[in-house]
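One structure below.
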Amino acid sequence: KAGVTQTPRYLIKTRGQQVTLSCSPISGHRSVSWYQQTPGQGLQFLFEYFSETQRNKGNFPGRFSGRQFSNSRSEMNVSTLELGDSALYLCASSLTGPSIYGYTFGSGTRLTVV
Amino acid sequence: DQQVKQNSPSLSVQEGRISILNCDYTNSMFDYFLWYKKYPAEGPTFLISISSIKDKNEDGRFTVFLNKSAKHLSLHIVPSQPGDSAVYFCAASEEGNNNDMRFGAGTRLTVKP
């Protein structure tokens, strides 16, 4: 079966701009989580969606937002980009949310803010 | 709040020897713990997990040990192979409550031939 697809793979944006990243989960998976990975910080939790509802949100400013569509595809948006937003953004899908069986991650979107 | 900590940013071992990656946590309510492996330009892949009611889980060359009293878990890889060279993330989650999974900062393992 197809894995988790994230688009685009690479993105370069200028400070102050906004960006939208997309994630298509594995077919049948209804939970999508987003993480930000930066060197030394590991994976920082952004938010989790299940059946179009945001169930939990990490400790990020309101510039970071997301949504999930009825087909479980998810988007995250970052407005007023800052240099510190440069990171690898990872999407993870699962059937119903966190479990002992883990997540399936996409390959990520590498965002560079200049 | 860094509820899951990996204090060693890197580890280097010789091929054929044992690799031991460590992870500490602060939240005693975590119900299960997972290890992920990440190669460059790829997303993390699930490796092995353990429930909080167990103290050991083994899958081939990989064994995870959990010490709840010390809030510590470790991943043992025996024997280590050059293909194991990657960044390893420890993760933990609390059943049903938060709908999120907390990750450590990762440990870069290098296995030398």
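Protein chains in written order, with our numbering: chain P, 1 to 114; chain A, 1 to 113. C-beta: ideal position from N, C-alpha, C; glycine also. In this text, all values refer to a predicted model and were calculated from it rather than measured experimentally.
Residue pairing for Arg-102(A): DSSP places it in a beta bridge opposite Ala-92(A). The shortest C-alpha to C-alpha distance from Thr-7(P) to any of Gln-41(P), Glu-75(P), Pro-39(P) is the one to Glu-75(P). Looking at the backbone, the Cα of Pro-39(P) and that of Arg-9(P) are separated by about 18 angstroms. For Gly-40(P), the chain A residues whose C-beta falls within less than 7 angstroms of its own C-beta are Ala-105, listed in chain order. Against Glu-42(A), the close residues of chain P are Phe-105, Ser-107, Gly-108, in the order they occur along the chain (beta-carbon pairs closer than 9 angstroms). For Thr-45(A), the uninterrupted beta strand (DSSP E) segment begins and ends at 45-51. With contacts defined by Cβ atoms closer than 9 angstroms, Ser-28(A) and Lys-68(A) form a contacting pair. If you look at His-76(A), you'll find it in the beta strand (DSSP E) that goes 72-77. Arg-108(A): member of the beta strand (DSSP E) spanning 107-112, first to last residue.
Residue burial is scored here from C-beta neighbours: Lys-112(A) has fewer than 16 other C-beta atoms within 10 angstroms and is therefore classed as exposed. Against chain A, the beta carbon of Leu-111(P) has no neighbour under 7 angstroms; the closest one sits roughly 14 angstroms away.
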